[in-house]
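Visitor:
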Amino acid sequence: MADAVMADAAMIDAPILTIEGLAVSRGGRVVLRGVDVAIAAGEILVVIGPNGSGKSTLVMAAAGLLTPAQGRVAVRGRDIGRLEPVERARLVAYVPQRSELIAPLAVREVVAMGRFAATATAFGRGSLQRPGPADLAAIDDALGAVDAIHLADRRFTELSGGEAQRVVIARALATGAEVLLLDEPTSALDVAHRLNLASLVRRLAGAGKVLMIALHDLAEARDIAGRVLLLVDGGVRAIGPAAEVISAGPIRDAYGVELVVGGGFGYCLPSARNG
Amino acid sequence: MTLRVVLIGLLACACAWSLAIGPLPWSEVDRTVLMLRATRLGAGLLAGAALAVAGVLMQGLFRNPLASPSVAGVTAGAGLGAQIALVAFTCAAPWASAAVPLAWWLPIGAFAGAAGALAALYALARRRADLTSVLLIGMVLSILFSAMAAYLLAIGQETYQLGRALVAFSLGALEGASPATVAMAVPLVVVGTIAAWGWGRPLDLVLSGEAEAASLGVDLVRARRWLLAWTALLAATSVTLGGGVGFVCLVVPNALRAWQGPAHRPLVVSAAIGGALFLTLADICARVCHPGPGEIPLGVITGLVGAPFFLWFFRRERRAGRM
Chain G
458 MADAVMADAA MIDAPILTIE GLAVSRGGRV VLRGVDVAIA AGEILVVIGP NGSGKSTLVM
518 AAAGLLTPAQ GRVAVRGRDI GRLEPVERAR LVAYVPQRSE LIAPLAVREV VAMGRFAATA
578 TAFGRGSLQR PGPADLAAID DALGAVDAIH LADRRFTELS GGEAQRVVIA RALATGAEVL
638 LLDEPTSALD VAHRLNLASL VRRLAGAGKV LMIALHDLAE ARDIAGRVLL LVDGGVRAIG
698 PAAEVISAGP IRDAYGVELV VGGGFGYCLP SARNG
Chain V
-11 MTLRVVLIGL LACACAWSLA IGPLPWSEVD RTVLMLRATR LGAGLLAGAA LAVAGVLMQG
49 LFRNPLASPS VAGVTAGAGL GAQIALVAFT CAAPWASAAV PLAWWLPIGA FAGAAGALAA
109 LYALARRRAD LTSVLLIGMV LSILFSAMAA YLLAIGQETY QLGRALVAFS LGALEGASPA
169 TVAMAVPLVV VGTIAAWGWG RPLDLVLSGE AEAASLGVDL VRARRWLLAW TALLAATSVT
229 LGGGVGFVCL VVPNALRAWQ GPAHRPLVVS AAIGGALFLT LADICARVCH PGPGEIPLGV
289 ITGLVGAPFF LWFFRRERRA GRM
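Take a look at the structure:
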């Protein structure tokens, strides 16, 4: 009995996503060096850092889209560099800063792309137009989660930047992957949808997902993060609770600016204010 | 769906027309004539379908609506390969020519040429896969292959028959296809089209770029390898059947895509039907429109339709800011 309880506790605490000694070179330049971090289920790790510090590279490498020069990325102990792409996509979902999709597909079809790894074999049945029943449910859930049900039949190419961003996030959710990696997901969103995304992220963490999010906005980072990783020149300058990392010392050190906490103004959703 | 029904209906009419051009066959001799016409029709159907499907695959892989075998030098490569095979067959020792019939030399040469052209294009355009680079590199390859083919032609003129065969190849012509070639092409085109349909889902994902497609589970290395191989097979088959017929692979997929959207599985099916229809109509035109006896080379007809379409499409892409 005691053993079972111990095993349970170990399961909860065991990190799902582990990055060990990760170094990445792009175009002959070392962009990331010696990054070590482990993220447990239900945890939100926000990656901050000045422009060019390697945030996007870290997110892409964690998604297995870049080959590390050193170190490895593992999900539940499995090195994602060694997994078949389909297997990897079932474990890890990636949201780019800006999708390169320029084809006039319907929004529902774009989200249906997320179901490829879950249901696909090369000659598998179904298509973007006619997904199976399980796929349909996942697609609708994902669209609902980002408040985009009303966009389902619109053409992707006709959406505004923020709408397109939400659809791409829905595509990542539709994969059902346990690990979600988001590269500046809020950069094109308006205030209301930023707040919606923040609450969505918390809900996902509450449901046991593992989230790693690169963010630009420090106030937003503090709001969303469980832990914060501060990247400077491709190395980890600081990692820890949001309040510790986003504080005067590390921020001055990394960005060369003075942090003013408590001044200025913020936003919240009306429901939050009323509640 | 209605689009496909219309296409199939038109295709049936075109087939009947194609068989009926000329005096009606009643006697025993005329049956042979009908057989010749049927062979030619079969070659047109298969070559058209193969080219259009190859166009869909190539446009999907390069994420570029103008990347098609004829524009990017792949049919030129296949044609050069086939012409080299033709010359080699003529010059080879008699025992070699007897051991392997010409019907085998041509497709093998064409496949080698198409695969070589695609590999060169992919290696050169990979880093800069934007529209202009692919087109320019393809055009340079095309010019290079045509120049080499012209050299072969100059040599080939020494022998009357070889010279004629080489000219027919570079202009595109369906009348040269033998029943054996058509019979051999049937399984190749069918298998190639089914494979293209199978790759439709990964190609849909590639629409959103290679990084996103990989993140969603597409094995890009494998996809590239297979898609290039199937494109080469289809382009080579069409060249074996009809020589260097241009623009089918550009016009048909883009016209259908504008009509029914960019999803690849439905597009492959429609393109196979539409390509067969387009080339059959072009061949009818080649036979009917020529003043006096003889015919217009098929490549001239498809070029007359294709070149304005290319220019119109190019302008449209420009205006939409995609160039």
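Here the protein sequences come in this chain order: G and V.
For the first sequence, the residue numbers in my numbering are 458 to 732.
For the second sequence, the residue numbers in my numbering are -11 to 311.
For glycine and all other residues, C-beta sits at the position ideal for the given N, C-alpha and C.
(1) Could you check the C-alpha separation between G:Ala579 and V:Phe298 for me, to the nearest Å?
(2) Give the DSSP-derived three-state secondary structure of V:Ile284 in the structure shown.
(3) Check the Cβ of V:Ala76 against every Cβ in chain G and list those closer than 7 Å, keeping chain order.
(4) Taking Cβ positions, are G:Ala563 and G:Asp610 nearer each other than 8 Å?
(5) Among the residues of its own chain, which have a CB less than 6 Å from the CB of V:Ala165, if the five just before and after it don't count?
(6) Within 10 Å of its beta-carbon, does G:His650 have 16 or more other beta-carbons around it, so buried, or fewer, so exposed?
(7) V:Ala66 and V:Ala168: beta carbons closer than 8 Å?
(8) Can you tell me which of the three DSSP states G:Val481 falls into?
(9) Kindly say whether G:Leu562, judged by its beta-carbon, lies nearer than 8 Å to any beta-carbon of chain V.
(10) So is V:Gly205 in contact with chain G if we call contact Cβ pairs under 8 Å?
(11) List the whole-angstrom C-beta distance separating G:Pro507 from G:Val689, where the pair is believed to meet the contact cut-off of C-beta under 8 Å.
(12) To which residues of the same chain is V:Arg51 closer than 8 Å at the C-beta, ignoring the five residues directly before and after it?
(13) When the Cα atoms are used, what is the spatial distance from G:Arg623 to V:Ser134?
(14) What is the C-beta distance between V:Ala156 and V:Gly231, in whole angstroms, given that I count them as a contact (C-beta under 8 Å)?
(15) If distances are taken between C-alpha atoms only, which option among G:Ala595, G:Gln527, G:Ala655, G:Glu635 comes closest to G:Glu677?
(16) Thinking C-alpha only, which one of V:Pro190, V:Ala102, V:Thr181 is nearest V:Cys263?
(17) Could one say the Cβ of G:Pro590 lies closer than 8 Å to chain V's Cβ atoms, at least one of them?
(18) If we ignore side chains and look at the alpha-carbon of each, how far apart do G:Gly499 and G:Glu641 end up?
(19) Among V:Ile9, V:Val293, V:Ala270, V:Trp5, whose alpha-carbon lies nearest the alpha-carbon of V:Leu162?
(20) How would you list, in chain order, the residues of chain V whose beta-carbon sits under 7 Å from the beta-carbon of G:Ala520?
(21) Verify the CB distance criterion: does G:Ser556 have a CB-CB separation below 8 Å to chain V?
(22) Determine the DSSP secondary structure at V:Val128, reduced to helix, strand or coil.
(23) Output yes if chain V places a C-beta closer than 8 Å to the C-beta of G:Pro553; else output no.
(24) Could you tell me the alpha carbon to alpha carbon distance between G:Ser644 and G:Ser617, rounded to whole angstroms?
(25) Less than 7 Å between C-beta atoms, sequence neighbours within five positions excluded: which residues of the same chain meet that for V:Cys277?
(26) Whole angstroms is fine: what's the gap from V:Ala201's alpha carbon to V:Ala107's?
(27) From the DSSP secondary-structure annotation, give me the bridge partner or partners of G:Ile670.
(28) Comparing the C-beta of V:Leu(-9) with each C-beta of chain G, is any distance below 8 Å?
Guide: Taking the coordinates as given:
(1) Walking along the first sequence from the start, residue 579 of chain G turns up at place 122. Walking along the second sequence from the start, residue 298 of chain V turns up at place 310. Because the pLDDT of G:Ala579 is 47, which lies under 50, any placement of that residue in the model is unreliable, and the question is left without a value.
(2) As a working note, residue 284 of chain V is residue 296 in the second sequence. DSSP places V:Ile284 in coil when its eight states are reduced to three.
(3) Translated into positions along the second sequence, residue 76 of chain V becomes position 88. By Cβ distance, chain G contributes nothing, its closest Cβ being about 37 Å from V:Ala76, past 7 Å.
(4) On the first sequence, position 106 is the one that residue 563 of chain G refers to. On the first sequence, position 153 is the one that residue 610 of chain G refers to. Going by C-beta atoms, G:Ala563 is nearer than 8 Å to G:Asp610.
(5) Looking up residue 165 of chain V in the second sequence gives position 177. Closer than 6 Å at the Cβ level, and outside the excluded window around V:Ala165, lie Ala31, Leu229.
(6) Sequence index remark: in the first sequence, residue 650 of chain G carries index 193 (1-based). Taking a 10 Å sphere around the C-beta of G:His650, we find 16 or more other C-beta atoms and assign the residue as buried.
(7) As a position in the second sequence, residue 66 of chain V is number 78, starting the count at 1. As a position in the second sequence, residue 168 of chain V is number 180, starting the count at 1. It is not a contact, given that the beta carbons lie outside the stated cut-off.
(8) For the purposes of this step, residue 481 of chain G is taken as the residue at position 24 of the first sequence. In the three-state reduction of the DSSP assignment, G:Val481 falls in the strand class.
(9) The count along the first sequence starts at 1 and reaches residue 562 of chain G at position 105. Answer yes: the Cβ-Cβ gap between G:Leu562 and chain V drops below 8 Å somewhere.
(10) Locating residue 205 of chain V in the second sequence gives position 217, counting from the first residue. Interface residue, yes.
(11) For this step, residue 507 of chain G is matched to residue 50 along the first sequence. For this step, residue 689 of chain G is matched to residue 232 along the first sequence. About 7 Å separates the CB atoms of G:Pro507 and G:Val689; that is less than 8 Å, so the two are in contact.
(12) As a first step, residue 51 of chain V is located in the second sequence; it is residue number 63 there, counting from the start. Answer for V:Arg51: Ala117, Val194, Leu195, Gly197, listed in chain order.
(13) Here residue 623 of chain G is taken as the residue at index 166 of the first sequence, counted from 1. Here residue 134 of chain V is taken as the residue at index 146 of the second sequence, counted from 1. Each residue's alpha carbon lies about 49 Å from the other.
(14) Walking along the second sequence from the start, residue 156 of chain V turns up at place 168. Walking along the second sequence from the start, residue 231 of chain V turns up at place 243. The Cβ separation is near 6 Å, so the contact holds.
(15) Sequence index remark: in the first sequence, residue 677 of chain G carries index 220 (1-based). Of the candidates G:Ala595, G:Gln527, G:Ala655, G:Glu635, the one whose C-alpha sits nearest the C-alpha of G:Glu677 is G:Ala655.
(16) Here residue 263 of chain V refers to the residue found at position 275 of the second sequence. Rather than Cys, the amino acid found at residue 263 of chain V in this sequence is Gly. Taking V:Gly263 as reference, the option from V:Pro190, V:Ala102, V:Thr181 with the minimal CA-CA separation is V:Thr181.
(17) If you number the first sequence from 1, residue 590 of chain G lands on position 133. No, because no Cβ of chain V sits closer than 8 Å to the Cβ of G:Pro590.
(18) As a working note, residue 499 of chain G is residue 42 in the first sequence. As a working note, residue 641 of chain G is residue 184 in the first sequence. Between G:Gly499 and G:Glu641, the C-alpha separation is close to 20 Å.
(19) Indexing the second sequence from 1 puts residue 162 of chain V at position 174. When only C-alpha atoms are compared, the closest one is V:Ala270.
(20) Position 63 of the first sequence, counting from 1, holds the residue named residue 520 of chain G. By Cβ distance, chain V contributes Ser203.
(21) Reading the first sequence from its first residue, position 99 is the one you call residue 556 of chain G. Interface residue, yes.
(22) As a working mapping, residue 128 of chain V is identified with position 140 in the second sequence. Helix at V:Val128.
(23) Indexing the first sequence from 1 puts residue 553 of chain G at position 96. Yes, contact with chain V.
(24) Looking up residue 644 of chain G in the first sequence gives position 187. Looking up residue 617 of chain G in the first sequence gives position 160. Cα to Cα, the separation comes out at about 13 Å.
(25) Indexing the second sequence from 1 puts residue 277 of chain V at position 289. The beta carbon of V:Cys277 lies closer than 7 Å to those of Ile284 in the same chain, with the five residues before and after it left out.
(26) The residue labelled residue 201 of chain V in the question sits at position 213 within the second sequence. The residue labelled residue 107 of chain V in the question sits at position 119 within the second sequence. Computed Cα separation, rounded: 21 Å.
(27) Counting from one through the first sequence, the residue named residue 670 of chain G turns up at place 213. In the DSSP output, where bridge partners are listed per residue, G:Ile670 has G:Val503, G:Leu639.
(28) Taking the second sequence and counting its residues from 1, one reaches residue -9 of chain V at position 3. With its beta carbon at least 8 Å from every one in chain G, V:Leu(-9) lies outside the interface.
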